[in-house]
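See below for the structure under consideration.
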Amino acid sequence: MNCAYHPDREVRGICSHCGRPVCAECLVDLSGQPFCKPCLAARMREPVREINGLVRFVLSLAPGVGHFYMGFFNRGMQLFLMTLAGAVLLNLLFPGLLGLYIPAAICFSIFDAREIHLRLNQGLDVEDRGFVDLKALPHQFGRREAGIALVAVGALALWRVITTDVLEWIFGPRYWEVQRAVNGFTLGILAVGLGVWLLVRPGRGGHV
-1 MNCAYHPDRE VRGICSHCGR PVCAECLVDL SGQPFCKPCL AARMREPVRE
49 INGLVRFVLS LAPGVGHFYM GFFNRGMQLF LMTLAGAVLL NLLFPGLLGL
99 YIPAAICFSI FDAREIHLRL NQGLDVEDRG FVDLKALPHQ FGRREAGIAL
149 VAVGALALWR VITTDVLEWI FGPRYWEVQR AVNGFTLGIL AVGLGVWLLV
199 RPGRGGHV
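Just so we're aligned: 137 in my numbering is position 139 of the sequence shown, and the numbers increase by one with no gaps anywhere.
See below:
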């Protein structure tokens, strides 16, 4: 393979922006990321948008909003919708976990937005990439995957009914003590069973 700008010279790298192969003369390393000189020159001419760190932090307290502020609408929208869907699902199935879920989602939003901001300040090219490739989703998500998802949601819903409504009807106001024991015992059994299955099942290429 030869340089896109000098056909008589060997390639020394691939531009991270345009994807063209370039020689040593055309290759420029910027904070560990390779650029060709034309792309780097065009990038330097682009107006740099000032991002206020304090504003970004405050807006990131609402998952996804800090990403909107920095112009990452795809990633921000996915983070916002995933956080909202997770909160609704937990509220229906395991309301007690909302106290852990919401702070975790906020912390992830803050640190993810901060990481993007740092990369932008370093002059790196940051793609507005979501957590899920929506274009490939119809090809990856078929009837089998949909069936697994429905079984999982149904099992969680039934488990909530059993460990909340049924136990409260049987044991009265102190049902939560039994609920905690049942949940802990069940989780432990599932973890041990899954671990044993992974250890004893035949692996591929000598690996589990």
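In this text, a Cβ means the ideal position worked out from N, Cα and C, and glycines have one as well.
In this text, all values refer to a predicted model and were calculated from it rather than measured experimentally.
Near residue i, what residues of its chain come up, given a Cβ to Cβ distance below 8 angstroms and the 5 sequence neighbours on each side ignored?
| i | result |
| --- | --- |
| L96 | A85, L88, N89 |
| F129 | R73, Q76, L77, M80 |
| Q177 | T161, T162, L165 |
With 16 as the cutoff for other CB atoms within 10 Å, does residue i come out buried or exposed?
| i | result |
| --- | --- |
| F70 | buried |
| I114 | buried |
| L25 | buried |
| C105 | exposed |
| R142 | exposed |
| G62 | buried |
| L57 | buried |
| V149 | exposed |
Apart from the five residues on each side of it in sequence, which residues of its chain come closer than 7 angstroms, Cβ to Cβ, to residue i?
| i | result |
| --- | --- |
| C16 | C34, C37 |
| Y3 | V20, C24 |
| S14 | Q31, P32, F33, D123 |
| A11 | A small correction: the amino acid at residue 11 is Gly; Ala does not occupy that position in the sequence shown. Closer than 7 angstroms at Cβ, skipping near neighbours: V20, L25, P32. |
By Cβ distance below 6 angstroms, which residues in the same chain neighbour residue i in space, the five residues on each side in sequence not counted?
| i | result |
| --- | --- |
| W157 | none |
| L28 | G121 |
| M(-1) | V9, P19 |
Could you tell me how far apart the beta carbons of residue i and residue j are, in whole angstroms, since I believe they sit closer than 8 angstroms?
| i | j | result |
| --- | --- | --- |
| Y173 | L165 | 4 angstroms |
| A103 | R54 | That belief does not hold up - the Cβ atoms of A103 and R54 are roughly 17 angstroms apart, past 8 angstroms. |
| I49 | L118 | 7 angstroms |
Which one of the options has the shortest CA to CA distance from residue i?
| i | options | result |
| --- | --- | --- |
| F109 | A83, A147, H65 | H65 |
| L52 | Y67, W167, A39 | Y67 |
| G94 | L59, L116, N181, E8 | N181 |
| L59 | F92, P101, A22 | P101 |
| A270 | A40, C1, G191 | What the structure shows of the chain is the stretch from -1 to 206, and residue 270 is not part of that stretch, so it cannot be assessed. |
Closer than 8 angstroms, CB to CB, is residue i near chain D or not?
| i | result |
| --- | --- |
| G84 | No chain D is present in this structure, which holds just one protein chain. |
Quick check on the DSSP output: what are the complete alpha helix (DSSP H) runs of length 4 or more inside the segment 63 to 90, in order along the chain? 63 to 68
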